[in-house]
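S.K.:
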């Protein structure tokens, strides 16, 4: 039976999924990412895992790989900042081991977006943006059902829109006032801590160490005023940024995933409120919804990506995509 | 000889161009827009002009029409705010008169973008944004050589990104702080007038009535400090907005057209400076250049659009696009 492998390379884990042509998941698993040897170990891990789980690639028609960095059109990856590796092309590396198998490579945020479109909250839409709120703010942009890569593979970097002119700290990118500094898990904790220092207010967040985004959201939902103030201020920048995105490409829907999105409808309502406020011209507002595939979005999207690549080449694949 | 007609409907003029399959312009002309009769006169004008200039549509294989409003996928136009007309579908109206001719319809900013990509400053690029600085700020977004329409035909409305939190006046959209209020011709005049009132400075702009964007740019270039300050402040918001656009779709190039762009390299240098400042993450910055087709971008783009529509339908057309 023909099958497709989706691989999602993350800083902590490498996730794997095996899918049928029609999108059923047959198997999924993960291993800890081994970044020693400037990436060499990582590729050995990936090759071995695929071989062990598929009888050396038997019936595997395609392998899709999501990597945490910008990907050039030919599959080359110059750098994955968070992994500290770079200068590799998964198409070549995996192509040498699986010469009869189509290999596709994409940026992890883009690939996750494709997954949500295919089997998650974005089903039925062809114009969508999937935003991942984790240690940073990433996004994948899909137009007419296709991932937008951009000229240098740098589309969807909305985390570095400089939307907060009052910011005084530097962002990791070297700028100041990036969305990333406000709406990521790190950003929400950082800003709320600054409120704690300023306000000396009575709040259940005092003496919470380590303070996490989850604790802040839980307190906010339970009615803690300082926590709610922190969350609302941080998410107002996300709503504003999504309005900016909307004025550029006018998507049908925004899908919000990543760890921070576990805050659920409480988060969505605030983001939608500010999105509406900053997108006055649009009579019909884009919907903002929660992602539904969780950590599996990447493996779904990677598998879907390679199926699309095969279809683009007119290789034999059922028309069920 | 097969030919294509490009029509660009504007508030003042309707422009027409006749093109060969390979993009040579054979004829161009314009008439004053007649918006009486809720648009009825306008369509009679267009039909008559095409008939007179093409022997009733002889050898015309396609007619492309750019309209100043959002266009739905089937060609329907709900409203053209500036013309005060709406609820029409040029495909139906022109299709009744020219039943054997392919008709394509697009938003004027998108169509102008296609023109610049085809025969103007965007030649050789497939990912570009063409920004028109006139009474408002419009833009057309092209990805992989294709116009991005967006879910509701509302892509490229970057003029309504709310980028100036210090703004107190209302924008025409009902919002406050839109790019349109700063970087359009109207916005530059408005802001510079406010500086004149505040500063009581010695400037050659005093007693210039009516004050226009052109006069302000001329003074700025000639060393007038207040004029230069006004221009730089206004254009800083354009640079910032283009950086936001870049973080969404990462185009190769921005092409700046419209009346205000006559300020030339002086304008480009300021916009590029602020664009670079707000796009810190990007090592290779997108280039910002002047448009080159001027007022003809719309007719070129409209013709190109209908050629593409024919090609999409696999109708007989040479492969020279």
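Protein chains in written order, with this note's numbering: chain A, 1 to 321; chain B, 322 to 642. Glycine is no exception: its CB is placed at the ideal position from the N, C-alpha and C atoms.
#1: Check this for me: beta carbons of residue 614 (chain B) and residue 440 (chain B), under 8 Å apart or not?
#2: Is residue 618 (chain B) near residue 407 (chain B), with beta carbons less than 8 Å apart?
#3: Identify every run of the alpha helix (DSSP H) within the stretch 431-472 of chain B, keeping only runs that are complete inside it and at least 4 residues long; order them along the chain.
#4: Taking residue 234 (chain A) as the query, report the chain B residues whose CB atoms sit under 7 Å from its CB, ordered along the chain.
#5: What do you get for residue 513 (chain B), buried or exposed, if any count of 16 or more other CB atoms within 10 angstroms of its CB means buried?
#6: Using a beta-carbon distance cut-off of less than 8 Å, what residues from the stretch 67-83 of chain A approach chain B?
#7: Of all the residues that make up the stretch 269-286 of chain A, which are near chain E by a beta-carbon distance shorter than 9 Å?
#8: Among B:630, B:632, B:624 and B:631, whose alpha-carbon lies nearest the alpha-carbon of residue 344 (chain B)?
#9: According to the neighbour-count rule (16 or more other Cβ atoms, all chains shown, within 10 Å of its Cβ), is residue 48 (chain A) buried or exposed?
#10: Does residue 494 (chain B) have its Cβ less than 8 Å from a Cβ in chain A?
#11: Curious, which full-length beta strand (DSSP E) runs of at least 3 residues does the stretch 340-367 of chain B contain?
#12: Residue 152 (chain A) to residue 567 (chain B), Cα distance in whole Å?
#13: For the stretch 560-586 of chain B, enumerate the residues whose C-beta is nearer than 9 Å to any C-beta of chain A, in chain order.
#14: So for residue 417 (chain B), helix, strand or coil by DSSP?
#15: Quick check on DSSP: helix, strand or coil for residue 516 (chain B)?
#16: For the stretch 445-466 of chain B, enumerate the residues whose C-beta is nearer than 7 Å to any C-beta of chain A, in chain order.
#17: Using the rule of at least 16 other Cβ atoms within 10 Å of the residue's Cβ for burial, across every protein chain shown, is residue 448 (chain B) buried or exposed?
#18: Consult DSSP for residue 247 (chain A) and reduce its assignment to one of helix, strand or coil.
#19: Nearest CA to the CA of residue 300 (chain A): which residue from A:123, A:243 and A:254?
#20: Nearest to residue 58 (chain A) by CA position, among A:94, A:3 and A:112, is which residue?
#21: For the alpha helix (DSSP H) containing residue 629 (chain B), list its first residue and its last residue.
#22: Anything in the stretch 410-426 of chain B with a Cβ closer than 9 Å to a Cβ of chain A? List those residues in chain order, please.
#23: Comparing C-alpha positions only, which one of B:409, B:467 and B:367 sits nearest to residue 328 (chain B)?
#24: Using the Cβ count rule (16 or more neighbours within 10 Å means buried), how would you classify residue 637 (chain B)?
#25: Determine the burial state of residue 210 (chain A): buried for a count of at least 16 other Cβ atoms within 10 Å of its Cβ, exposed for fewer.
#26: How would you label residue 605 (chain B), buried or exposed, when you count the other beta carbons within 10 angstroms and need 16 or more for buried?
#27: Show which residues of chain A have a CB atom less than 9 Å away from the CB atom of residue 369 (chain B).
#28: Pick helix, strand or coil for residue 594 (chain B), following the three-state DSSP scheme.
#29: Can you tell me whether residue 703 (chain B) is buried or exposed, with buried defined as 16 or more other CB within 10 angstroms of its CB?
#30: Find the residues of chain B that neighbour residue 148 (chain A), judging by a C-beta separation of less than 7 Å, and give them in chain order.
#31: According to the Cβ coordinates, are residue 438 (chain B) and residue 479 (chain B) closer than 8 Å?
#32: Could you tell me whether the stretch 586-598 of chain B touches the stretch 348-360 of chain B, where touching means 3 or more Cβ pairs closer than 8 Å?
#33: By the DSSP assignment, the beta strand (DSSP E) with residue 3 (chain A) in it spans what residues?
#34: Does DSSP classify residue 161 (chain A) as helix, strand or coil?
#35: By the three-class DSSP mapping on this structure, what secondary structure does residue 287 (chain A) have?
M.R.: So, from the listed chains and residues:
#1: yes
#2: In this structure, residue 407 (chain B) does not lie closer than 8 Å to residue 618 (chain B) by Cβ.
#3: As far as the stretch 431-472 of chain B is concerned, it has no whole alpha helix (DSSP H) run of at least 4 residues.
#4: Residues of chain B passing the Cβ test: none, with the nearest at roughly 16 Å.
#5: Buried, because 16 or more other Cβ atoms sit within 10 Å of the Cβ of residue 513 (chain B).
#6: none
#7: The question asks about chain E, but that chain is absent: this structure's protein chains are A and B.
#8: B:624
#9: exposed
#10: yes
#11: 346-353
#12: 11 Å
#13: 561, 562, 564, 565, 566, 567, 568, 569, 570, 571, 572, 573 and 574
#14: Assigned with DSSP and collapsed to three states, residue 417 (chain B) falls in helix.
#15: Looking at residue 516 (chain B) - three-state DSSP - the assignment turns out to be helix.
#16: 448, 462 and 464
#17: Residue 448 (chain B) should be labelled buried.
#18: Reduced to three states, the DSSP call for residue 247 (chain A) is helix.
#19: Of the candidates A:123, A:243 and A:254, the one whose C-alpha sits nearest the C-alpha of residue 300 (chain A) is A:123.
#20: A:3
#21: 618-633
#22: none
#23: B:367
#24: In this prediction, residue 637 (chain B) has a pLDDT of 46, which is less than 50 and means its spatial position is unreliable; nothing more can be read from the coordinates.
#25: exposed
#26: exposed
#27: Those within 9 Å of residue 369 (chain B) in chain A number zero; the least Cβ separation is about 35 Å.
#28: Note: residue 594 (chain B) maps to helix in three-state DSSP.
#29: Past the boundaries of the shown model lies residue 703 (chain B); chain B is included only from 322 to 642, so the question cannot be answered.
#30: 464 and 570
#31: no
#32: no
#33: 3-9 is the span of the beta strand (DSSP E), which, as asked, contains residue 3 (chain A).
#34: coil
#35: strand
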